[in-house]
Amino acid sequence: MNFKIDVEMTPEELRRALGLPDVSVLQQEMIDKVREQMEAGAEGYDPLTLLKPYLNNGIGSMEAFQKLLFGMMNQYGKGGRDAD
Numbered sequence: 001m002n003f004k005i006d007v008e009m010t011p012e013e014l015r016r017a018l019g020l021p022d023v024s025v026l027q028q029e030m031i032d033k034v035r036e037q038m039e040a041g042a043e044g045y046d047p048l049t050l051l052k053p054y055l056n057n058g059i060g061s062m063e064a065f066q067k068l069l070f071g072m073m074n075q076y077g078k079g080g081r082d083a084d
């Protein structure tokens, strides 16, 4: 006997259904802090240093870097920057 159940829900609805905390505010704060450090030119926050883990170790890391860029493009295409 097989059962198949399709459930349509947004990521936000799934997060709430699983009882996971909303960390979007924390995530935005962290991104803002990293951006501030990059703009201030702090040690270790230059773009090359931040991308270094994705550029090392050959093809596997390059795939991870491509996935990162693809995810960022998807968020941008979906209007990832919501107005406050």
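Numbering-wise (UniProt numbering), the sequence shown opens with residue 1 and increments by one.
Glycine residues also receive a C-beta, built at the ideal position from the N, C-alpha and C atoms.
Please read these numbers as outputs of a predicted model, since none were measured by experiment.
Between the beta-carbon of Arg-15 and that of Asp-22 there is about 7 Å, and that keeps the pair under the 8 Å contact cut. If you draw a straight line from the Cα of Glu-36 to the Cα of Leu-18, it comes to about 33 Å. By the criterion of a C-beta distance shorter than 7 Å, Ala-42 is surrounded by no residue of its chain, once the five residues flanking it on both sides are discounted. DSSP places Asp-22 outside any alpha helix (DSSP H), giving it a letter other than H or E.
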